[in-house]
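Participant: Sequence lines, in order, name chains U and P. Taken in order, the first sequence gives residues 1 to 426; the numbers are from my numbering. Taken in order, the second sequence gives residues 1 to 426; the numbers are from my numbering. A single structure is presented below for examination.
Number of protein chains: 2
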Amino acid sequence: MNDHQVPNRIYATYWIESAYPLADAAAIMAGEQSTGTFLRVPGETDELRKKFAARVEALEEQGPVTSPSLPGSGTPKNWDGKRRTAHVTLSWPLYNIGPSLPNLLATVAGNLSELKPFSGLKLLDLTLPPEFLTQYQGPQFGVAGTRTLTSVYGRPIIGTIIKPSIGQTPEATAQQVKTLAEAGIDFVKDDELQSDGPHCPFNARVSAVLDVLNTHAARTGKRVMYAANITGDLDQMLERLAHIEANGGTCAMVSMNSIGLPAMKIIRRHAHVAIHGHRNGWGMMSRSPAIGMSFIAFQKLWRVAGIDHTHVNGLRNKFCESDESVIDSARTCLTPMFSAPNKGCEVMPVFSSGQSARQAPDTYHALGTTDLIYACGGGIMGHPQGVAAGVQSLQQAWEAAVQSIPLTAYAETHTELKAALELFGA
Amino acid sequence: MNDHQVPNRIYATYWIESAYPLADAAAIMAGEQSTGTFLRVPGETDELRKKFAARVEALEEQGPVTSPSLPGSGTPKNWDGKRRTAHVTLSWPLYNIGPSLPNLLATVAGNLSELKPFSGLKLLDLTLPPEFLTQYQGPQFGVAGTRTLTSVYGRPIIGTIIKPSIGQTPEATAQQVKTLAEAGIDFVKDDELQSDGPHCPFNARVSAVLDVLNTHAARTGKRVMYAANITGDLDQMLERLAHIEANGGTCAMVSMNSIGLPAMKIIRRHAHVAIHGHRNGWGMMSRSPAIGMSFIAFQKLWRVAGIDHTHVNGLRNKFCESDESVIDSARTCLTPMFSAPNKGCEVMPVFSSGQSARQAPDTYHALGTTDLIYACGGGIMGHPQGVAAGVQSLQQAWEAAVQSIPLTAYAETHTELKAALELFGA
Numbered sequence: 001m002n003d004h005q006v007p008n009r010i011y012a013t014y015w016i017e018s019a020y021p022l023a024d025a026a027a028i029m030a031g032e033q034s035t036g037t038f039l040r041v042p043g044e045t046d047e048l049r050k051k052f053a054a055r056v057e058a059l060e061e062q063g064p065v066t067s068p069s070l071p072g073s074g075t076p077k078n079w080d081g082k083r084r085t086a087h088v089t090l091s092w093p094l095y096n097i098g099p100s101l102p103n104l105l106a107t108v109a110g111n112l113s114e115l116k117p118f119s120g121l122k123l124l125d126l127t128l129p130p131e132f133l134t135q136y137q138g139p140q141f142g143v144a145g146t147r148t149l150t151s152v153y154g155r156p157i158i159g160t161i162i163k164p165s166i167g168q169t170p171e172a173t174a175q176q177v178k179t180l181a182e183a184g185i186d187f188v189k190d191d192e193l194q195s196d197g198p199h200c201p202f203n204a205r206v207s208a209v210l211d212v213l214n215t216h217a218a219r220t221g222k223r224v225m226y227a228a229n230i231t232g233d234l235d236q237m238l239e240r241l242a243h244i245e246a247n248g249g250t251c252a253m254v255s256m257n258s259i260g261l262p263a264m265k266i267i268r269r270h271a272h273v274a275i276h277g278h279r280n281g282w283g284m285m286s287r288s289p290a291i292g293m294s295f296i297a298f299q300k301l302w303r304v305a306g307i308d309h310t311h312v313n314g315l316r317n318k319f320c321e322s323d324e325s326v327i328d329s330a331r332t333c334l335t336p337m338f339s340a341p342n343k344g345c346e347v348m349p350v351f352s353s354g355q356s357a358r359q360a361p362d363t364y365h366a367l368g369t370t371d372l373i374y375a376c377g378g379g380i381m382g383h384p385q386g387v388a389a390g391v392q393s394l395q396q397a398w399e400a401a402v403q404s405i406p407l408t409a410y411a412e413t414h415t416e417l418k419a420a421l422e423l424f425g426a
Numbered sequence: 001m002n003d004h005q006v007p008n009r010i011y012a013t014y015w016i017e018s019a020y021p022l023a024d025a026a027a028i029m030a031g032e033q034s035t036g037t038f039l040r041v042p043g044e045t046d047e048l049r050k051k052f053a054a055r056v057e058a059l060e061e062q063g064p065v066t067s068p069s070l071p072g073s074g075t076p077k078n079w080d081g082k083r084r085t086a087h088v089t090l091s092w093p094l095y096n097i098g099p100s101l102p103n104l105l106a107t108v109a110g111n112l113s114e115l116k117p118f119s120g121l122k123l124l125d126l127t128l129p130p131e132f133l134t135q136y137q138g139p140q141f142g143v144a145g146t147r148t149l150t151s152v153y154g155r156p157i158i159g160t161i162i163k164p165s166i167g168q169t170p171e172a173t174a175q176q177v178k179t180l181a182e183a184g185i186d187f188v189k190d191d192e193l194q195s196d197g198p199h200c201p202f203n204a205r206v207s208a209v210l211d212v213l214n215t216h217a218a219r220t221g222k223r224v225m226y227a228a229n230i231t232g233d234l235d236q237m238l239e240r241l242a243h244i245e246a247n248g249g250t251c252a253m254v255s256m257n258s259i260g261l262p263a264m265k266i267i268r269r270h271a272h273v274a275i276h277g278h279r280n281g282w283g284m285m286s287r288s289p290a291i292g293m294s295f296i297a298f299q300k301l302w303r304v305a306g307i308d309h310t311h312v313n314g315l316r317n318k319f320c321e322s323d324e325s326v327i328d329s330a331r332t333c334l335t336p337m338f339s340a341p342n343k344g345c346e347v348m349p350v351f352s353s354g355q356s357a358r359q360a361p362d363t364y365h366a367l368g369t370t371d372l373i374y375a376c377g378g379g380i381m382g383h384p385q386g387v388a389a390g391v392q393s394l395q396q397a398w399e400a401a402v403q404s405i406p407l408t409a410y411a412e413t414h415t416e417l418k419a420a421l422e423l424f425g426a
C-alpha cells in the first residue's frame with residue numbers, strides 16, 4: 001500500500017488506451033463500476049455518490065498511439081484526433097461489497113473491458129485492505145511451510161513434471177516417480193491434463209505414487225513432494241484431497257482458472273497439505289497487452305484464497321512470455337500483500353518450461369533468492385549420465401549461482417554440471 | 001455435431017495465426033494438449049499416442065496477415081516469410097478426462113494461448129458428448145420454464161435493472177421495484193455490483209423486494225421475476241439462494257466469471273429457481289480478436305453447468321460489441337447442444353445495454369423468435385409519459401415487430417410507442 005492509500009478502500013490500477021480526454025475516460029470507468037450508468041438516473045444523488053462512488057486516485061499519461069489496439073471502440077464528439085494511453089488508479093470503499101473475492105472481481109473487472117470509449121484496458125494491480133483476511137485464510141504453507149514439508153533449505157526445490165502428460169497407467173507413473181525419487185528429486189507433479197480418466201484413475205495413481213514415496217521416505221528420510229492434480233468438481237476435489245492426506249501426501253495441485261475462487265476457498269479450508277495453484281488458461285487473460293489482467297493482479301486474488309505455490313514460467317522459456325515478465329511475476333509472489341502484523345500471503349513461485357542448469361545464475365541474480373520451485377523436464381530426464389546426474393547438475397548449477405561462480409568454472413570440478421552444459425549450452 | 005463427429009469425443013475449434021506451416025502448427029496444438037511435450041519423451045509410445053493423443057480433425061486456411069496480432073511469437077527455421085491464419089478443429093477421446101467441465105477447460109484451453117508458434121489463438125466453438133449430462137444437470141427452467149414462472153407468452157420478457165447500481169437502501173430498492181411492477185414490468189434484476197454491503201444487506205433487500213412482488217402477485221395475479229444477485233462465496237450463495245426461495249422468489253443471479261464452474265454446478269443442484277448467469281468480466285476473454293474465447297464456446301460450458309439465462313448485449317449497444325456478434329450469441333443460446341432424446345440445454349438470451357423500442361424489429365428479424373429477455377433502462381424509466389408507458393411502448397414495439405408492421409405505422413395508433421420513438425428515434 002502506498003502512503004496515500006487508506007486501509008479501508010480497494011485500489012485497482014489499469015492501463016488504458018482511449019480517444020477520449022483521459023480525465024473523462026477515467027471518470028467513465030469510475031462511474032460504470034460504482035454508482036453511475038450511461039445516463040445519470042434520478043436516484044443517483046450527490047450524497048449517494050459521495051458515499052459509494054469509485055474515485056479516480058491517480059492518472060498518469062503514458063504517451064500516444066497511432067491506431068486502436070482493439071476493435072469496437074468509439075471516439076468522442078469534437079475528437080482532437082489523438083489516442084492516448086495512461087495508468088489509472090481507481091478506489092472503492094470496502095463497504096460497497098465487503099471482503100468478498102467474487103464481488104471484488106465483478107467490481108474491479110466487471111464490464112470495464114467492453115466499454116466503448118476504450119481501445120485497450122488492462123488491470124495491472126490491486127491493493128486490498130487486510131479485512132479480506134477475516135474471510136480468507138491465505139496460504140497455509142507458502143515458502144517456509146513448503147521448505148519444512150520437503151526439508152529442502154538453502155537452494156530451490158528441484159522438481160519435474162511426470163511425462164507423458166497422460167496415457168500412463170498408475171503403475172508406470174509410480175515407477176517413473178520411483179526413478180526420480182532415487183535420483184534425489186525434491187518435487188514431482190502431475191500434468192494439468194492428467195485427472196481421473198479410466199486409464200489412470202486418481203485414487204489408484206495417487207496410492208501407487210505415494211506408496212513409492214512413503215517407502216522412499218522410510219528408507220532415506222527424504223519426503224518427496226507430489227502435487228497430485230485434484231482439479232474437478234468440488235465434491236471430487238475434496239474426496240481427492242482426503243485421499244492424498246490419508247496416504248501421506250503433502251501437496252494437491254489445482255488448475256485455478258478451471259475451478260474459480262469460491263471452490264479454492266473451500267479447498268483451503270479443508271486442506272492439510274500445500275496447494276499448488278496451476279495457472280493454465282492464464283494466457284487468455286495475459287497474452288494481449290491491450291486487454292485482460294496482469295499476473296501481478298491475478299495471483300493476489302489466489303493468494304488470498306489460499307494457494308501456496310503458483311507458476312511463473314521460466315527464463316528463456318518455450319512459451320511467449322518475456323524474461324522480464326517472468327521475474328516480475330516471481331517477485332510479486334514473494335512480496336507480502338499485507339503489512340505486519342497481518343499475514344503477508346507470500347507464495348512460492350514455480351519456474352518451469354525449458355529450464356535446465358543454464359538458467360540458474362540468471363534466475364538467482366534477477367530474483368535474489370532461492371525461494372522457488374525449479375521444475376525441469378529435459379534438464380533432468382535428458383541428462384546424458386542419467387536422471388540422478390540430471391538432478392545433481394541442477395543442484396550444482398544453483399550452488400554456483402549462489403556463490404557467484406560462473407557455471408563453466410564450477411563445471412570444471414562437477415562432472416554432472418559439465419555434462420549438462422555440454423548438452424544444453426552454458 | 002457434424003456428421004463426421006463421433007459421440008464419445010470432445011471437439012474444439014480454434015482460430016489460429018502462425019508463421020509455422022499450418023499443419024505443423026495444428027500438430028503442435030494437439031501434442032501440447034494431450035500426450036506430447038516440447039520433446040518426445042521415452043514413454044510416449046506409438047500405442048499410447050494412438051489411444052490418447054488429440055487428433056487434428058480439420059484445418060481450413062483463412063488467409064494471410066502481414067504482421068503478428070500478438071507479441072512474443074516465434075518463427076520456424078527456414079521461415080518462408082508468410083504468416084497465415086486458419087480454423088483448426090481438434091478432438092480428444094472423452095476418456096482422457098471424463099465428463100468434467102473443469103478438466104475440459106484445462107484440456108481445450110490450458111497452455112495453448114501461450115504457445116510460441118502462435119501470434120493469435122482463439123477458441124471458437126466446442127462440441128461435447130452427451131455423457132456430460134450424466135454429471136451435469138443443464139438448465140432447470142431455460143426458455144419454457146422462465147415463461148411458466150413469469151406467465152409471459154408470445155412476446156419477450158420485458159425487464160430492467162435496478163439503478164443506481166449501488167447505494168440505495170433495501171426500502172428504496174423495493175419502492176423502485178413497486179413502481180416497476182405497477183407499470184407492468186415482467187422482470188427486474190440487481191446490478192452485478194450490488195451484493196451484500198452493510199448499506200443494502202442481501203437478506204433485507206430481497207425480503208423487501210419480494211414482499212412488494214408477493215403483494216403485487218396476490219393483487220394482480222402477475223408474478224414479476226426478480227434476479228437477486230447471490231454472487232459471493234459458496235456458503236453465502238447457498239444461504240442467499242435459500243433466502244430467495246423462502247421468500248417466494250423465482251430467480252437468482254450469479255456472476256459466472258466470479259464464481260467458476262464447480263460452484264455453479266452446486267448452485268444448480270440446490271436451486272428451485274431460475275439461474276440468471278451474468279457474464280460480467282467477459283470482455284477480458286472476448287474483446288481481442290486474437291486471443292481468448294468466443295461467447296459461443298463460453299456459454300456452452302455454463303449451460304451444461306446449469307444456467308437458465310445469460311447476457312448477450314443488444315443491437316446498437318453502448319459497448320464495443322457488433323450487432324452480428326450479439327445475434328450470433330443469442331442464436332447459440334437458443335440452439336440445442338445435444339440431440340434428442342438428450343436434454344438440449346437451451347437458455348434464454350438477455351438483451352440489454354441501450355435498448356429501447358427502436359431495436360425491437362431488427363432484433364426480432366435477426367433472431368426470428370421472441371424467446372428472450374429484453375432489458376431496458378432508459379427505454380422504460382426515461383419515457384416521457386412515465387414508467388408504465390415505457391413498459392407499454394416496448395410491448396407495442398414487439399407486437400409491431402412480430403406482425404412485420406413498421407414501428408412508425410404502429411405508433412400511429414399506439415401513443416406510448418409514438419412518444420418513445422419521438423424520444424429515442426425510430
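Using N, Cα and C, we set each Cβ at its ideal position, and we do this for glycine too.
Please report whether the beta-carbon of H199 of chain P lies at a distance below 8 Å from any beta-carbon of chain U.
Facilitator: Yes, its Cβ sits closer than 8 Å to a Cβ of chain U.
Participant: Would you say M1 of chain U faces chain P, with C-beta separation under 8 Å as the test?
Facilitator: No answer about M1 of chain U holds up, because its pLDDT of 44 lies below 50 and its placement is not dependable.
Participant: Comparing C-alpha positions only, which one of P:W398, P:P262, P:V143 sits nearest to C333 of chain P?
Facilitator: Checking every option, the nearest Cα to that of C333 of chain P belongs to P:V143.
Participant: Given that G260 of chain U touches chain P, what residues does it touch there, using C-beta distances under 8 Å?
Facilitator: Within 8 Å Cβ-Cβ: S258, I259, G260, L261, P262, A263.
Participant: Can you find a C-beta in chain P that's less than 8 Å from the C-beta of F319 of chain U?
Facilitator: Judged by the 8 Å Cβ criterion, F319 of chain U is in contact with chain P.
Participant: Is L104 of chain P near V56 of chain P, with beta carbons less than 8 Å apart?
Facilitator: No, they are not a contact pair.
Participant: Buried or exposed for L365 of chain U, going by 16 or more other Cβ atoms inside 10 Å?
Facilitator: Residue identity check: residue 365 of chain U is His in the sequence provided, not Leu. So H365 of chain U counts as exposed.
Participant: Would you mind listing the alpha helix (DSSP H) stretches within the stretch 284–337 of chain P that are 4+ residues and don't spill past its ends, in chain order?
Facilitator: DSSP runs (the alpha helix (DSSP H)) wholly in the stretch 284–337 of chain P: 295–305, 323–333.
Participant: Comparing C-alpha positions only, which one of U:E182, U:E422, U:V350 sits nearest to P388 of chain U?
Facilitator: Before going on, a small fix: residue 388 of chain U reads as Ala here, not Pro. With distances taken between Cα atoms, A388 of chain U lies closest to U:E182.
Participant: Rounded to whole angstroms, what is the Cα-Cα separation between A172 of chain P and A208 of chain P?
Facilitator: About 9 Å.
Participant: Taking R55 of chain P as the query, report the chain U residues whose CB atoms sit under 8 Å from its CB, ordered along the chain.
Facilitator: Under the 8 Å cutoff, chain U gives no residues; its nearest Cβ is about 14 Å from R55 of chain P.
Participant: For the alpha helix (DSSP H) containing P262 of chain U, name the first residue and the last one.
Facilitator: That run of the alpha helix (DSSP H) goes 261–270.
Participant: Using alpha carbons as the reference points, say which of P:L126, P:M29, P:F132 lies closest to Y20 of chain P.
Facilitator: Among P:L126, P:M29, P:F132, the Cα nearest to that of Y20 of chain P belongs to P:M29.
Participant: Alpha carbon to alpha carbon, how far is K50 of chain U from V347 of chain U? Give it in angstroms, no decimals.
Facilitator: Rounded to whole angstroms, V347 of chain U to K50 of chain U spans 37 Å at the Cα level.
Participant: Determine which residues of the stretch 147–164 of chain U have a Cβ less than 7 Å from any Cβ of chain P, and write them out in chain order.
Facilitator: Here the close residues are K163, P164.
Participant: When you compare only the Cα positions, how much space is there between T150 of chain P and G184 of chain P?
Facilitator: Computed Cα separation, rounded: 12 Å.
Participant: What does a CB cutoff of less than 7 Å around E61 of chain P pick up in its chain, not counting 5 residues either side in sequence?
Facilitator: Counting only Cβ-Cβ distances below 7 Å, and skipping sequence neighbours, we find L22, R84, A86.
Participant: Does the Cβ of S404 of chain U have 16 or more other Cβ atoms within 10 Å, making it buried, or fewer, making it exposed?
Facilitator: S404 of chain U comes out exposed.
Participant: Quick one: which chain U residues come within Cβ less than 9 Å of M285 of chain P?
Facilitator: The contacting residues are S113, M284, M285, I291, G292.
Participant: Taking the beta strand (DSSP E) that P64 of chain P belongs to, which residues open and close that run?
Facilitator: Per DSSP, P64 of chain P belongs to the beta strand (DSSP E) from 55–65.
Participant: Quick check on this structure: which residue in P:I267, P:N111, P:A26 has the alpha carbon closest to the alpha carbon of E17 of chain P?
Facilitator: That would be P:A26, whose Cα lies nearest to the Cα of E17 of chain P.
Participant: Here's the rule: buried if 16 or more other CB atoms are within 10 angstroms of the residue's CB, otherwise exposed. What is R358 of chain U?
Facilitator: Buried: at least 16 other Cβ atoms inside 10 Å.
Participant: So, P129 of chain U versus P7 of chain U, is the Cβ gap smaller than 8 Å?
Facilitator: Yes; because the gap between Cβ atoms is below 8 Å, this pair is in contact.
Participant: Using a C-beta to C-beta distance shorter than 8 Å, which residues of chain P count as neighbours of G142 of chain U?
Facilitator: The premise fails here: G142 of chain U is roughly 22 Å from chain P at the closest Cβ pair, so nothing lies under 8 Å.
Participant: Measure from the alpha carbon of G98 of chain U to the alpha carbon of each residue in U:T127, U:S67, U:F132, U:A106, then state which is nearest.
Facilitator: Of U:T127, U:S67, U:F132, U:A106, the residue nearest in Cα terms is U:F132.
Participant: Spatial neighbours of G63 of chain U within its chain, please: CB distance less than 7 Å, with the 5 preceding and 5 following residues excluded, ordered by chain position.
Facilitator: Excluding residues within five positions, the ones whose Cβ falls inside 7 Å are T85.
Participant: Could you check where the beta strand (DSSP E) with R9 of chain U kicks off and where it finishes?
Facilitator: R9 of chain U -> beta strand (DSSP E) spans 9–18.
Participant: What residues from the stretch 184–199 of chain U come within 8 Å of chain P, judged by C-beta to C-beta, listed N to C?
Facilitator: Answer set for the stretch 184–199 of chain U: E192, L193, S195, D196, G197, P198, H199.
Participant: Give the DSSP-derived three-state secondary structure of A498 of chain P in the structure shown.
Facilitator: Given a span of 1 to 426 for chain P in the structure shown, any question on residue 498 of chain P remains unanswerable.
Participant: Quick one: what's A159 of chain U bridged to in DSSP?
Facilitator: At residue 159 of chain U the sequence reads Gly, which differs from the Ala that was named. Note: G159 of chain U sits in a beta bridge opposite U:F187, U:A375.
Participant: Quick check on this structure: which residue in U:G249, U:A263, U:N111 has the alpha carbon closest to the alpha carbon of Q427 of chain U?
Facilitator: Residue 427 of chain U lies beyond the range of chain U shown here (1 to 426); nothing can be said about it.
Participant: If we call anything under 8 Å between Cβ atoms a contact, is L59 of chain U one with G120 of chain U?
Facilitator: No. Outside cutoff.
Participant: Tell me, please, whether the CB atom of P71 of chain U is closer than 8 Å to any CB atom in chain P?
Facilitator: Yes, contact with chain P.
Participant: Using beta carbons (cut-off 8 Å, strictly below), is K116 of chain U in contact with chain P?
Facilitator: Judged by the 8 Å Cβ criterion, K116 of chain U is in contact with chain P.
Participant: Give a yes or no on whether the C-beta atoms belonging to P164 of chain U and G43 of chain P are separated by under 8 Å.
Facilitator: Yes. Within cutoff.
Participant: Less than 7 Å between C-beta atoms, sequence neighbours within five positions excluded: which residues of the same chain meet that for D362 of chain U?
Facilitator: Result list for D362 of chain U: L315, in chain order.
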